[in-house]
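Put into structure tokens, the structure is as follows:
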């Protein structure tokens, strides 16, 4: 019949605690979109649907020196593992 050894049973339930190799870091990135306003809005909406960022997080369209072109900016903090 099987008999449990008290010290063996206790030792087998102890698991090593993993230690992280490094702390995750937060890094800032800046996205710039250049193009026609409707095309940029499509890209922004697509990134929102994919869960990357809220559509409202982007700046308002700002005109560039190229006729019909605008720029929109997004500042985002990402977690680097």
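Numbering (my numbering), first residue to last: 187 to 267. Using N, Cα and C, we set each Cβ at its ideal position, and we do this for glycine too.
Three-state class that DSSP yields for residue i in the structure shown
| i | result |
| --- | --- |
| residue 252 | coil |
| residue 242 | helix |
| residue 234 | helix |
| residue 203 | coil |
Cβ neighbours of residue i in the same chain (closer than 6 Å, five flanking residues each side left out)
| i | result |
| --- | --- |
| residue 226 | 219 and 258 |
Classification of residue i by the beta-carbon crowding that lies within 10 angstroms, buried from 16 upward
| i | result |
| --- | --- |
| residue 266 | exposed |
Own chain partners of residue i with C-beta closer than 7 Å, once the 5 adjacent residues on each side are dropped
| i | result |
| --- | --- |
| residue 240 | 234 |
| residue 229 | 219 |
Residue from the options with nearest C-alpha to residue i
| i | options | result |
| --- | --- | --- |
| residue 245 | 254, 264, 228 and 260 | 260 |
| residue 243 | 255, 201 and 216 | 216 |
| residue 256 | 213, 224, 264 and 236 | 224 |
| residue 222 | 214, 210 and 252 | 252 |
| residue 262 | 204, 201, 212 and 208 | 212 |
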